[in-house]
Structure formats: C-alpha cells, structure tokens
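Reviewing the structure listed below.
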Amino acid sequence: MPVCHYPALIMLRALLLSLTLVTGLAQATPSTSQQLPISLDTDQGTLRGSLLLPQSDKPVPVALLIAGSGPTDRDGNNPEGGHNDALKKLAQFLARNGIASLRYDKRGVAASRAATPDERGLSVERYVADVEGWARQLKEDPRFDRLILIGHSEGALIASLAAPGSQADALVSIAGPAYPIGQVLDMQLAMRLPPPLLDESRHILANLIRGKLQPKVPKELQVVYRPSVQPYLISLLRQDPAENFAALQIPALIVQGSHDAQVSPDNAEVLKQAKPDAELALIPGMNHVMRITPAAWNEQVASYNDPKLPLARALGERIVAFIRSSAEENGR
1 MPVCHYPALI
11 MLRALLLSLT
21 LVTGLAQATP
31 STSQQLPISL
41 DTDQGTLRGS
51 LLLPQSDKPV
61 PVALLIAGSG
71 PTDRDGNNPE
81 GGHNDALKKL
91 AQFLARNGIA
101 SLRYDKRGVA
111 ASRAATPDER
121 GLSVERYVAD
131 VEGWARQLKE
141 DPRFDRLILI
151 GHSEGALIAS
161 LAAPGSQADA
171 LVSIAGPAYP
181 IGQVLDMQLA
191 MRLPPPLLDE
201 SRHILANLIR
211 GKLQPKVPKE
221 LQVVYRPSVQ
231 PYLISLLRQD
241 PAENFAALQI
251 PALIVQGSHD
261 AQVSPDNAEV
271 LKQAKPDAEL
281 ALIPGMNHVM
291 RITPAAWNEQ
301 VASYNDPKLP
311 LARALGERIV
321 AFIRSSAEEN
331 GR
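Position 123 of the sequence shown, counted from 1, bears residue number 123 in the UniProt record's numbering, the numbering being contiguous throughout.
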C-alpha cells in the first residue's frame, strides 16, 4: 500500500512502489481561452506561472491552483511522481466553464527553481506566503471578481493556511490530508521498517517534532530524514490539517476519490467532521491524480504517467457547481 503524499516521502514512495515515471511535453491550450505568462517577485527570487483566461467581456472568478508535495510543477507533474498534467487539465476544464485560473511552479521547482534552489530554504510558511502574494496580485486585477483557492494533496493544507491572509472567497480541497504528518509518517514506516530502524526513526521524528535538527541519520532513513529536508519537515510537523481546515471562515468543498491510494477517503470524512458546513464530494473510482481507475494500486500506476487520460468528469463538475453556488450565496 503506498504512503501518503508528503514531501519527505516522495522518494520513499518511489522506492517502495517501484515507480519509474518521467516528465513529458505539455499539451496545447484550448482555443477558447488565452494563456499568459505571469510572475511574482519574492524576497528570494521570482516565481513563474501561467494565467489561463476564458473569453469574457466581464469580470470572472479566478482559481489559484496549489500543487501537492515535492517537486511538483504548475501542471501537476513531478519527476518522482509522473507526468499526468492533472492541474493543467483542471485549469482547462475551468476555462471552458468561464473560470480563470493561475497555476505556478513552486519555489525551487522548474521555472521557479532560482527562487529557492536548496531545499534547506523551504518551509510551509514560505509556501503560504507565496500563495498570499499570488492572491494579492489576483485580487487587484479588474479582470476577476472572486478568488477561489484550489489545493491538491499537501497543496490543500497550504490553501487552508493561506486562506485568511489571501482574503479568498472560497476554498476547494482535493485529496487533502487530515492527519498530522508525524502520525502518518510513523504509521507508514511502522509497516515497513524492522524494529531497530523503527526505533531509530521514532527517535529522529520525536526530535524533529520538538524542532531539533538531527545531523546523524542512518543511510536507510536518509530518503525520509536527510538533513537538507529536515527544516521543511519541522515546519510541516507543526501543522494539524484538520484543525486548520476547521478554522476556515469561507465556503469550502472537500473533493476525495474513493480509489485514492495515497490519501485515503477517511481523510475527507475527518475534514468534514472538522468543518460540518463544508460540502463533501466523494468521487467513485477517482484516484490521487484525479482519474477514474481500478482500486488495485498495480492497475492504476500507469495513470500517473498518462496525460492523455481525461480527468474524472464529476471532479470538474462538482468544482464548477461549487464555485457558482458560492457566488450566488454571496450575491455575485
């Protein structure tokens, strides 16, 4: 069974599940929309993104798409997790339904690599500040009337944390985690490590939770706890996704696939319990990269590296319906 989608676990997941996936060429933008380059200056460099605009003679809603963990780019592709264009396809679906979107390469990734080339400089707080910066830019743009944050996997956690500072009007969590990473990490490693290594892992994890860097890490645990990723892990271990989601003061939609092998459906139920007024859309047959696949992991691995596969239709339909209904609730 695969592990959850968190940055320190990307390489571990690849090793455990023997995923050998690579990136490829982007697909063309639909002719009914216009794609423009967009950038955001930060104190550590410039972030690069793509603004997809539907044809409209009046202001439209705009979605800020926030990618999941690891070196995931603006299109949802990851050299360690496949080329599937999930976020690009979602942006195109939104554009066909009159909703603009901005998707971007996270700092340290692809065209934004120069902003933070060393993973030692990454943190949850910096990711949140980036979302808030993009949000300010979009809120000041007269082409848009509402801002919706859409986060995928770990990106859903970042969206929840950034929602207040970004003054977002609504939020969509796709395959968002509900449990603290420390709890998830220990549970996953307990199923795979021999007792001596598990004891060592728990010692390292306990110290990281206390904010203490661990310079000495056994070779077998470097993929998870390597010193260069520890600053980011420490910032992530401070978070409680369900608690952050509960604090949202805006309309929220939880989207979860029943065949997601990385973030299990019970995460969505926990998020719903944390914020009872949130909408919950459980998509039958949808996996972590938003495709309809069989439940068995070995039968859905190929979908992680197939950009030609369509997104689950219900995914886009539920998101568009939510954005429109939340606009009506606010009288826009």
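Even glycine gets a Cβ: it sits at the ideal position worked out from N, Cα and C.
Check whether residue i and residue j have beta carbons under 7 Å apart
i           : j      : result
ALA268      : TRP297 : no
GLY316      : PHE144 : no
ILE254      : LEU271 : yes
LEU65       : LEU87  : yes
ALA175      : HIS288 : yes
ARG318      : ALA281 : yes
ALA100      : VAL131 : no
ALA162      : PRO241 : no
residue 406 : ALA252 : Residue 406 is absent from the structure shown; the chain starts at 1 and stops at 332.
LEU197      : GLU220 : yes
ASN305      : HIS83  : yes
Bridge-paired residues (DSSP) for residue i
i      : result
GLN34  : LEU53
VAL255 : ILE174 and ALA281
PHE93  : Answer is none; PHE93 lacks a bridge partner.
GLY151 : ILE66 and SER173
ASP41  : THR46
MET187 : Note: MET187 sits in no beta bridge, so no partner.
ASN298 : According to DSSP, ASN298 bridges with nothing at all.
ASN78  : GLY82
ARG146 : PRO61
From the options, residue whose alpha carbon lies closest to that of residue i
i      : options                           : result
PRO284 : LEU189, GLY257, VAL270 and ASP306 : GLY257
THR46  : LYS106, LEU315 and GLU119         : LYS106
GLU119 : ALA95, GLY70 and LEU149           : GLY70
ARG96  : VAL62, THR116 and LEU236          : VAL62
SER173 : ARG192, LEU36 and LYS275          : LYS275
PRO117 : GLN44, MET191 and ILE38           : GLN44
THR293 : PRO310, GLU279 and LEU280         : PRO310
LEU122 : GLN239, GLU329, ASP306 and TYR232 : TYR232
LEU205 : LYS219, VAL184, ILE150 and GLN300 : VAL184
ILE38  : TRP134, LYS89 and VAL124          : TRP134
ALA279 : LEU171, PRO215 and ASP141         : Before going on, a small fix: residue 279 reads as Glu here, not Ala. With distances taken between Cα atoms, GLU279 lies closest to LEU171.
GLY81  : GLN300, PRO196, SER326 and GLU329 : GLN300
ASP277 : PRO265, GLN249 and TYR304         : GLN249
SER50  : GLU125, ALA91, ASP266 and ASN78   : ALA91
ASP141 : PRO265, LYS58 and THR32           : LYS58
ARG126 : THR42, ARG136, ASP266 and ALA246  : THR42
GLU154 : GLY108, ARG202 and GLN239         : GLN239
C-alpha distance - residue i paired with residue j, whole-angstrom precision
i      : j      : result
LEU138 : LEU40  : 11 Å
ARG146 : VAL128 : 19 Å
LYS308 : ARG113 : 27 Å
PRO227 : ARG210 : 15 Å
ARG150 : ALA67  : Strictly speaking, residue 150 in this sequence is Ile, with Arg absent from that position. Taking the straight line from one Cα to the other gives about 9 Å.
MET187 : ALA156 : 21 Å
GLN230 : GLN55  : 45 Å
PRO194 : PRO180 : 23 Å
GLU200 : ILE234 : 17 Å
GLY76  : ASN244 : 24 Å
LEU52  : ALA295 : 33 Å
GLY165 : ARG74  : 22 Å
ARG192 : SER326 : 44 Å
LYS216 : ASN207 : 12 Å
SER303 : ARG291 : 7 Å
THR72  : VAL223 : 17 Å
ALA214 : TYR225 : One point to set straight first is that residue 214 is Gln, not Ala, in the sequence displayed. If I take the Cα positions, the gap works out to 8 Å.
ILE148 : PRO218 : 43 Å
ASP266 : ALA115 : 36 Å
ALA28  : LEU36  : For ALA28, the predicted model reports a pLDDT of 39, less than 50, meaning its position is unreliable; a value from the coordinates is still stated below. Whole-angstrom Cα-Cα distance: 13 Å.
Coarse secondary structure for residue i, derived from DSSP in three states
i      : result
VAL62  : strand
HIS83  : coil
ALA268 : helix
ARG136 : helix
SER166 : helix
SER101 : strand
ILE292 : strand
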